[in-house]
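Peer 1: If you read the sequence shown in this note's numbering, its first letter stands for residue 41, the second for the next number, and so on.
From the three backbone atoms N, C-alpha and C, an ideal C-beta is built for every residue, glycine too.
Let me give you the structure first, and then I'll get to my questions.
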Amino acid sequence: MSQAELAVRAPRLTWTFGLLRSELVTTFRRWRTLALLGVLAAVPILVGIAVKVETRDGSSVGRGNGGGGGPAFIAEITNNGLFLVFTALAATLPFFLPMAIGVVAGDAIAGEASGGTLRYLLVAPAGRTRLLLTKYATVMAFCVVATLVVALSALTVGALLFPLGDLTTISGTQISFAEGLGRALLIALVVAASLVGIAALGLFVSTMTSSGIAAMATTVGLLITVQILDQIPQLHALQPYFFSHYWLSFADLMREPVYWDDLVKNLGLQALYAAVFGSAAWARFTAKDITA
């Protein structure tokens, strides 16, 4: 490769990282983003206080129907505050976390168009594909940050209000607190990965309109619709293909040994949604007339 080619490639690489850094800073400085993270951080606080108040007389939180979901976790919080992390993730994953992702993803392209800045971004040497990938990378970074905010808030509240120590898994075996922390981190990463599908869907919707509010509302509306359809027994044949169907499979990481079947199905389904709607977003955005 000639020095001229290297000179051309170097600025392009520098521009790519500069664009990503700019997108990350812009996204996480917005009041809307900070408000979403604040709401997510408040959920574990409310859950922890509610459990503490309910059990202040020595009674225990009622168990649900089992199965390793939120109810089974919430019954263990008084014994070990680390279970508040799992409970908070189970409580926020069905709606709060994906809603926040839907808002950020839906605004990614449409927000630039409605604000009149999309055309100026494309005048710079970004290119539509590079800009779209940068937007998606920013949304994915928000997925990770949002999930970690919930987990860290829950861990802090759990440590303040409840005892910490060795954990009893769903299977009834004991693991050390250090291993429990490791599994909590792994669960948080799995939850973040579970949002890949809704992120790609939101980005696709964002390329379909020039209104940021419309894109955000449509993405959240689709989320609610899929969640409702996933609860209708007559649609059981279709439900395994809904992006939200295996979201709570992260609880299987608290089994001994870990039950991988639903976890693998969940991650594979998210990858499929990301590929399909990511490709659709690229096809739409690269062929779209930019007027704003």
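1) List, from N- to C-terminal side, the alpha helix (DSSP H) runs of 4 residues or more that fit wholly inside the segment 207-288.
2) Locate the alpha helix (DSSP H) running through Asn119, then write down its first and last residues.
3) So which of Gly220, Ser246, Ala320, Gly318 has the shortest CA-CA distance to Met294?
4) Compare the Cα-Cα distances from Pro280 to each of Leu204, Asp292, Asp301 and report the closest residue.
5) Within 10 angstroms of its Cβ, does Glu296 collect 16 or more other Cβ (buried), or is it exposed?
6) Relative to the C-alpha of Phe136, which candidate in Ala115, Leu226, Ala75 has its C-alpha closest?
7) Does the count of Cβ pairs from the segment 280-291 and the segment 227-242 closer than 8 Å reach three?
8) Pairs of beta-carbons, one from the segment 253-268 and one from the segment 143-152, closer than 8 Å: are there three or more?
9) According to DSSP, is Leu312 helix, strand or coil?
10) Between which two residues does the alpha helix (DSSP H) holding Met294 run?
11) Does the segment 120-140 come into contact with the segment 190-200, if we say contact requires no fewer than three beta-carbon pairs (one atom in each stretch) closer than 8 Å?
12) Does DSSP classify Phe135 as helix, strand or coil?
13) Run through DSSP, which three-state label would Leu46 get?
14) Can you confirm whether the segment 316-324 touches the segment 264-279 when touching is taken to mean that 3 or more C-beta pairs between the two stretches lie within less than 8 Å?
15) Check each candidate in Asp292, Leu288, Glu63 and name the one with the smallest Cα separation from Arg170.
16) Is Phe317 helix, strand or coil when you go by DSSP?
17) Is the Cβ-Cβ distance between Leu303 and Val230 less than 8 Å?
18) If you reduce the DSSP assignment to three classes, tell me which class Thr169 lands in.
19) Confirm, please, whether the CB-CB distance from Gly242 to Ile117 is below 8 Å.
20) I'd like to check one pair, Ala218 with Val125: are the Cβ atoms closer than 8 Å?
21) For the alpha helix (DSSP H) that Lys92 lies in, which residues bound it at each end?
22) Our contact map puts Thr247 next to Arg324 with C-beta atoms below 8 Å; I'd like the distance itself, whole angstroms only.
23) Report the residue from Cys183, Leu173, Asn120 whose alpha carbon sits nearest the alpha carbon of Gly139.
Peer 2: For this structure:
1) DSSP runs (the alpha helix (DSSP H)) wholly in the segment 207-288: 217-233, 236-247, 252-269.
2) It is not in any alpha helix (DSSP H) - Asn119 carries neither H nor E in the DSSP assignment.
3) Comparing Cα positions, the closest option is Gly220.
4) Each of Leu204, Asp292, Asp301 was checked against the Cα of Pro280, and the nearest Cα belongs to Asp301.
5) With fewer than 16 other beta carbons inside 10 angstroms of its own, Glu296 counts as exposed.
6) Ranked by how close their Cα comes to the Cα of Phe136, the residues Ala115, Leu226, Ala75 have Ala75 in first place.
7) Yes: the two stretches touch, three or more of their Cβ pairs being nearer than 8 Å.
8) Contact holds: three or more Cβ-Cβ distances are below 8 Å.
9) Look at Leu312 here: in three-state DSSP terms it is helix.
10) First-last for Met294: undefined, no H or E at that position.
11) With a cut-off of 8 Å, the segment 190-200 and the segment 120-140 count as touching, because enough Cβ pairs lie within range.
12) In the structure shown, Phe135 sits in coil (DSSP, three-state: anything other than H, G, I, E or B).
13) At Leu46 the pLDDT is 45, less than 50, meaning the model places this residue with poor confidence; the figure from the coordinates comes in the next sentence. Three-state DSSP puts Leu46 in a helix.
14) Result no; under three Cβ-Cβ pairs closer than 8 Å.
15) Nearest Cα to Arg170 within the set Asp292, Leu288, Glu63: Glu63.
16) Note: Phe317 maps to helix in three-state DSSP.
17) Yes, these two residues count as a Cβ contact at 8 Å.
18) It is helical.
19) Inclusion of Ile117 and Gly242 in the CB contact set at 8 Å is not warranted, their separation being larger than that value.
20) No. Outside cutoff.
21) It spans 71-94 - the alpha helix (DSSP H) in which Lys92 sits, taken as one unbroken run.
22) Distance from Thr247 to Arg324 at the Cβ level is roughly 4 Å; contact confirmed, criterion being Cβ atoms closer than 8 Å.
23) Position check: residue 139 holds Met in this sequence, whereas Gly was assumed. The residue with the shortest Cα to Cα distance from Met139 is Cys183.
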